[in-house]
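Structure record follows, encoded as structure tokens.
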Ligand code: AMP
């Protein structure tokens, strides 16, 4: 084909707006965060649960609430026509069903708790999850359409102690330990109680009445919320609305004695374990299922205006809202993307003082000197990798100089493998850190690379 007859170049496809690829340079930190979370959660008796990313839309309409921003504006929802079980490709289509990509995971976990009759044993359930969530939000730094949450739920029948304020305090203490384990600096725990669901109904009416005379002076969203879900007005971030909202009645003055005693006990337990917190009477959170304790952790580094790192609270009525038995619970969801942004910003701050962060290096790069040594190189790599070393193998067609160029910056050592080395099984090993070159027999190679490894810097992100 001549040039003039070439098909026009096709435009390259891109990731969907608001979604991202995470490349190995980034996933290293993601894995570190996830491993830290898994290890910590195990120490508190949590087990992992994985629920589907697809759920019936009604789960979120009932659980999260029709009037919330999430359900009313942000869900990826579609009518799904699935053939009835046993029907072939030509069979009639069954009734359409509305499905949604999960915008959060608590409703799914509680659905699974009910579906698998986890209440029956009478025990307290401690479940955690790590996975993607989907919301059709306007993408910006720290706000994506596919984002990850690391979350946990503690749920059980009342006889399991699921209502105890100790559970709330334990969750908050665990989160403080998690952020400390990761080295997150300057986190701040904001705490509030929104009372029982009856308290909320009463407070909603007080708020609705108080909003009536000022409604027309609020932003368009708040004018709508004042009618549909007055509590959400307290979440408003529009600067012009703040003075009016600040003067509204406070939920703390309208919660029952029971709710107050519960909240006081949570605070006392936090104080006993030395977890600092700040009371924030406006923290009501956007989801309808919250009762009593609500909380958020914010940070000062890296997130700009999207400074909420994680949020959560109690949801004593959620199981019943979803058709299950009475099972109070409490949980949280950490925005993993935001946690990573925070850690990266901190690392950048630290690197300013101490030079660029070192790269993670492999233990060795094996350089076969001619194509004839490729099989021997692969066999040597297999042996070293099974000894838990991190190895890359070059190619015998590369010139020695090119092998050195690739190996330097990728691995701590280069292992040269020519015909002599293949026959004698004694290899020339060069350490890039100090330029030293040694000859090492095969039987001692793994041990030597490991020994050299511990004497050079081992970068842990
Ligand atoms: P929520 O489920 O709305 O209570 O959110 C819990 C946490 O998830 C927030 O504190 C954020 O850190 C994170 N989060 C919520 N929405 C997004 C989003 N669109 N993009 C990134 N992180 C988010």
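Numbering (the numbering used here), first residue to last: 2 to 462.
Using N, Cα and C, we set each Cβ at its ideal position, and we do this for glycine too.
Since we're looking at a predicted model, the values are computed, not measured.
Any non-hydrogen atom of the ligand AMP closer than 6 angstroms to residue i Cβ
i	result
residue 148	yes
residue 22	no
residue 144	yes
residue 177	no
residue 103	no
residue 138	yes
residue 309	yes
residue 338	yes
residue 132	no
residue 314	no
residue 38	no
residue 449	no
residue 334	yes
Residue i - DSSP class collapsed to helix/strand/coil
i	result
residue 96	coil
residue 433	coil
residue 134	strand
residue 307	coil
residue 459	With a pLDDT of only 36 at residue 459, under the threshold of 50, the placement of this residue in the model should not be trusted; the figure read from the coordinates follows. In the structure shown, residue 459 sits in coil (DSSP, three-state: anything other than H, G, I, E or B).
residue 267	helix
residue 31	helix
residue 452	helix
residue 345	helix
residue 412	strand
residue 106	coil
residue 140	coil
residue 118	coil
residue 422	helix
residue 204	helix
residue 1	Since the displayed the chain opens at 2 and closes at 462, residue 1 lies outside it and no answer follows.
residue 14	coil
residue 256	coil
residue 49	strand
residue 21	coil
residue 284	coil
residue 146	coil
residue 417	strand
residue 229	helix
residue 239	coil
residue 469	Within the shown structure, residues of the chain are numbered from 2 to 462, placing residue 469 beyond reach of any answer.
residue 39	helix
For residue i, the first and last residue of its enclosing alpha helix (DSSP H)
i	result
residue 166	166 to 183
residue 376	375 to 387
residue 321	319 to 322
residue 245	243 to 247
Rounded C-alpha distance that separates residue i from residue j
i	j	result
residue 489	residue 38	Residue 489 cannot be examined here, being either before or after the span of the chain that is shown, 2 to 462.
residue 320	residue 279	29 angstroms
residue 462	residue 24	Only weak support exists for where residue 462 lies, its pLDDT of 32 falling under 50; the coordinates are left without a value.
residue 442	residue 180	46 angstroms
residue 113	residue 65	16 angstroms
residue 344	residue 298	15 angstroms
residue 380	residue 386	10 angstroms
residue 208	residue 250	7 angstroms
residue 54	residue 71	16 angstroms
residue 135	residue 339	15 angstroms
residue 365	residue 22	28 angstroms
residue 77	residue 102	6 angstroms
residue 148	residue 133	5 angstroms
residue 177	residue 211	37 angstroms
residue 456	residue 273	For residue 456, the predicted structure reports a pLDDT of 42, less than 50, and the residue's modelled location is therefore unreliable. The matter cannot be settled from this model.
residue 416	residue 431	7 angstroms
residue 100	residue 324	19 angstroms
residue 326	residue 203	25 angstroms
residue 156	residue 267	17 angstroms
residue 255	residue 237	20 angstroms
residue 59	residue 82	16 angstroms
residue 373	residue 14	40 angstroms
One or two residues paired with residue i in a DSSP bridge
i	result
residue 155	127 and 331
residue 81	98
residue 279	191
residue 427	442
residue 399	Per DSSP, none; premise fails for residue 399.
residue 312	297 and 334
Terminal residues of the beta strand (DSSP E) in which residue i lies
i	result
residue 441	438 to 442
residue 367	363 to 369
residue 394	392 to 394
residue 297	292 to 299
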